[in-house]
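Visitor:
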Amino acid sequence: MRLQNVKRFTPNLEEIQKAEKILREKIREANHKMFNQGNGCPIIHNNLNIYRRQYFGYYNNKNEKVIFVTFNKNKLTIIEKLKGFRRDKSENWKKEIETWEDGCSNHWEIKINLATESLFEMYVNGRG
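Residue numbers (my numbering): 313 to 440.
What follows is the structure, given as structure tokens:
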């Protein structure tokens, strides 16, 4: 998702908390098809706590506030640690949008409309 040609805003803590509440309440329904999940990849609605998030605010064509959120897995299972996987400890994700190719549900994104309290345009990376 590119946030070009839209009016942007920086979400405040209250807006992020509202977005997280909407997400927790509605993610199971939005994720009913469970694309690219299971078989070694997290089931998103059961594992919201394993992801670090990036929040980007913009106004849609109705001038409603929308928060675009990226989710990138930030916790490793014991098996992943035993296989030699390491967690990314860099701080780059705090400064620029993270983009990943493949990686299944370890990396996904969604938009949250604060006015309508709805989730839309959920995208889960492919398995590659």
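The beta-carbon is built from N, C-alpha and C at its ideal position, and this holds for glycine as well.
Which stretch, first to last residue, makes up the beta strand (DSSP E) that contains Ile-379?
Guide: What you label residue 379 is simply residue 67 of the sequence shown in a count that begins at 1. First-last of the beta strand (DSSP E) with Ile-379: 377-385.
Visitor: Can you name, in chain order, every residue of its own chain whose Cβ lies under 8 Å from the Cβ of Asn-317, other than the five neighbours on each side?
Guide: Taking the sequence shown and counting its residues from 1, one reaches residue 317 at position 5. Taken in chain order, the list of residues that qualify is empty.
Visitor: For Asn-425, which beta-bridge partners are listed by DSSP?
Guide: As a position in the sequence shown, residue 425 is number 113, starting the count at 1. Answer is Val-378 and Ser-430, bridged to Asn-425.
Visitor: Among Asn-358, His-344, Arg-340 and Asn-373, which has the Cα closest to the Cα of Ala-427?
Guide: Within the sequence shown, residue 427 is the residue found at index 115, counting from 1. With distances taken between Cα atoms, Ala-427 lies closest to Asn-373.
Visitor: Determine which residues share a DSSP beta bridge with Cys-416 and list them.
Guide: Within the sequence shown, residue 416 is the residue found at index 104, counting from 1. Paired residue(s): none; Cys-416 is not in a bridge.
Visitor: Using DSSP bridges, identify the partner residues of Gln-366.
Guide: Stepping through the sequence shown from its first residue, residue 366 is reached at position 54. DSSP lists Thr-382 as partners of Gln-366.
Visitor: So for Arg-439, helix, strand or coil by DSSP?
Guide: Residue 439 sits at position 127 when you count from the first residue of the sequence shown. Arg-439 falls in the coil class under three-state DSSP.
Visitor: Which word fits Asn-324, buried or exposed, when buried means at least 16 other C-beta atoms lie within 10 angstroms of its C-beta?
Guide: Counting from one through the sequence shown, the residue named residue 324 turns up at place 12. Exposed, since its Cβ has fewer than 16 Cβ neighbours within 10 Å.
Visitor: In this structure, how does DSSP classify Lys-401 when only helix, strand and coil are distinguished?
Guide: The count along the sequence shown starts at 1 and reaches residue 401 at position 89. Coil, per DSSP.
Visitor: Under the three-state reduction of DSSP, which class applies to Lys-345: helix, strand or coil?
Guide: Numbered from its first residue, the sequence shown carries residue 345 at position 33. If DSSP states are grouped into helix, strand and coil, Lys-345 belongs with coil.
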